[in-house]
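Numbering (the numbering used here), first residue to last: 654 to 876.
Ideal Cβ placement from N, Cα and C applies to all residues, glycine included.
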Amino acid sequence: MKSYEKGVKEKIEQDRALPPKLDLSLLKYFWQAGPFSGRSNKTIPKFLRKIEVLKTFTDNELRILSKYLHLRQFLPDEPVFEQGDLGVGFYFVYTGQIDIRVQYDEFDEQIEDARTKLDGRKVLSLEVYDYFGELALLQENNFRTATALSRDSSQLLGIFKPDLEVLIDEYPIVATKLLQSISVILANRLFSITSEVRALKMKIANMEENYEKLREDKGEEEK
C-alpha cells in the first residue's frame with residue numbers, strides 16, 4: 654500500500670491539487686471555539702487550542718492556521734509515511750493512535766519474527782494532541798527515519814511544504830509562530846536525546862567499571 658505522504662509528494666511534483674483544506678468560516682470557527690458549540694468538545698478550534706506548542710497563538714491566529722490544514726481519515730494499518738520516504742508534511746493526531754516503527758536490516762539475526770522484520774519494531778505510540786514529522790517543513794530533503802502507521806481508525810491534521818510557503822507569503826506572523834513552535838519541538842527532542850545519551854554513557858561506564866573489578870577479583874583469586 655502506497656503511503657499517504659508519497660501520494661501527496663507525487664501531486665506536488667506533478668503540480669496537481671493537494672487534498673482539500675479545512676474550510677471553516679470565521680463565524681463557524683469561533684462558534685465551535687466557544688462554550689455554546691454543542692455537547693461535543695471535539696471541534697477543530699478546541700483541539701488546536703489544547704496543543705501545547707501552539708499555546709502562544711491567539712484564537713484568530715489559530716483560525717488562520719486552520720485554513721492551511723488538511724484533515725485526513727486513516728484506516729487501520731494504513732501508512733502515513735514509510736521509512737525512507739521524502740518527507741513533505743507535519744501532522745497533529747486529531748483522533749486515534751499512530752505507531753512509529755523503525756525498519757531493521759533484513760539480515761539482523763536478532764530479529765526472528767518475519768512480520769517484525771517486514772513492519773519494523775514499534776518504538777513509540779502517539780495519541781491525540783501529539784504531533785510528528787516536523788523536520789519535513791524545515792529540511793529541503795528530509796528522508797523519513799521511521800514509518801508512521803495508523804493503529805486503528807484515526808484522523809490527522811497536516812500541513813505540507815507548499816501550504817507553509819503560501820502561509821509565509823500571506824500571513825508571515827502566523828508562519829513565523831509556526832516555525833518557532835517547530836523549533837521548540839526540535840529543541841525538546843534534542844534535549845531528550847541528549848539526556849538519554851548521557852544516561853547511556855553513564856551506564857556503559859558503570860558496566861566497564863564493574864567488568865574491570867571482576868577481572869581484578871578473578872586475578873586475585875588465581876594468585
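- Following the DSSP letters along the chain, one finds Tyr744 inside the beta strand (DSSP E) bounded by residues 742-748.
- Counting along the chain, Pro732 sits inside the beta strand (DSSP E) bounded by residues 732-734.
- Within the same chain, and ignoring the five residues on either side of Arg804 in sequence, the residues whose Cβ sits closer than 6 Å to its Cβ are Gln750, Asp752.
- The alpha-carbon separation between Met654 and Tyr824 amounts to approximately 36 Å.
- The bridge partners DSSP lists for Ser778 are Asp752.
- For Ala799, the secondary structure class from DSSP, reduced to helix, strand or coil, is coil.
- Annotation: Arg804 is outside any beta strand (DSSP E) and is labelled neither H nor E by DSSP.
- Partner residues in a beta bridge of Gly737, as assigned by DSSP, do not exist.
- When the beta-carbon positions are compared, Gly786 and Gly737 stay at least 7 Å from each other.
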